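Counting with the working numbering, you get residues 1 to 133 for the letters of the sequence shown. We put the beta carbon where it would ideally sit given N, CA and C, even for glycine. Nothing here was measured: the structure is a model prediction, and the numbers come from that model. Note sheet for the following structure.
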Amino acid sequence: MNYSELLQLAKSWGNFISDRIIIWRLHWKQNEQRLFDEIISKSPEFDINLWNNRDTILKQRERQQEQDINHGKAILEGRDKGNKFGVECPYCHATNVKKITNTSKAMHTAIFGIFSMGRNSKNFHCNNCNSDF
Ligand SMILES: [Zn+2]
Numbered sequence: 001m002n003y004s005e006l007l008q009l010a011k012s013w014g015n016f017i018s019d020r021i022i023i024w025r026l027h028w029k030q031n032e033q034r035l036f037d038e039i040i041s042k043s044p045e046f047d048i049n050l051w052n053n054r055d056t057i058l059k060q061r062e063r064q065q066e067q068d069i070n071h072g073k074a075i076l077e078g079r080d081k082g083n084k085f086g087v088e089c090p091y092c093h094a095t096n097v098k099k100i101t102n103t104s105k106a107m108h109t110a111i112f113g114i115f116s117m118g119r120n121s122k123n124f125h126c127n128n129c130n131s132d133f
């Protein structure tokens, strides 16, 4: 067997295998549909809303996980030292927050006047993302 014959053989093998993969994928798609039609959709626990919104739900879960990871990172890097209030930032979930005291509110109002009104209804300040809540 010479080089070009070998090459030909390798090519046909490659084609054979990619054909197999395409067929296998097609079968899998059909089976997946059948699995859904015959078993999943008939199950008493099946929730059509959950099923239809699965992409959104998965994305939300992913985002939650990302926030948890960021929170973990903040703790590891010392940006988040926790707090005694038992609250966490609703935006970035850091616990590195400080209480906005009445003195601090009064001082802020004295300096910024009317622009403090939004802040005055907030009780905590996040040291991680700088938001008040
Ligand atoms: Zn925050």
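The straight-line gap separating the alpha-carbon atoms of residue 21 and residue 7 is approximately 21 angstroms.
Check the Cα spacing between residue 130 and each of 96, 15 and 37: the tightest is with 96. Taking non-hydrogen atoms of ligand 1 into account, the C-beta of residue 128 is found less than 6 angstroms away from one of them. For residue 127 and residue 110, the gap between their C-alpha atoms comes out near 22 angstroms. Per DSSP, residue 16 is one residue of the alpha helix (DSSP H) stretching across 3 to 35. Under DSSP, residue 129 forms no beta bridge with any residue. For residue 74, the distance from the CB to the nearest heavy atom of ligand 1 is not below 6 angstroms. Look at residue 124 here: in three-state DSSP terms it is strand. Taking 7 angstroms as the cut-off, the beta carbon of residue 74 is found no closer than this to the beta carbon of residue 106. For residue 105, the enclosing alpha helix (DSSP H) has its first and last residue at 102 to 112.
Apart from sequence neighbours up to five positions away, the residues of its chain that approach residue 87 with a beta-carbon distance below 8 angstroms are 95, 97 and 124, ordered along the chain.
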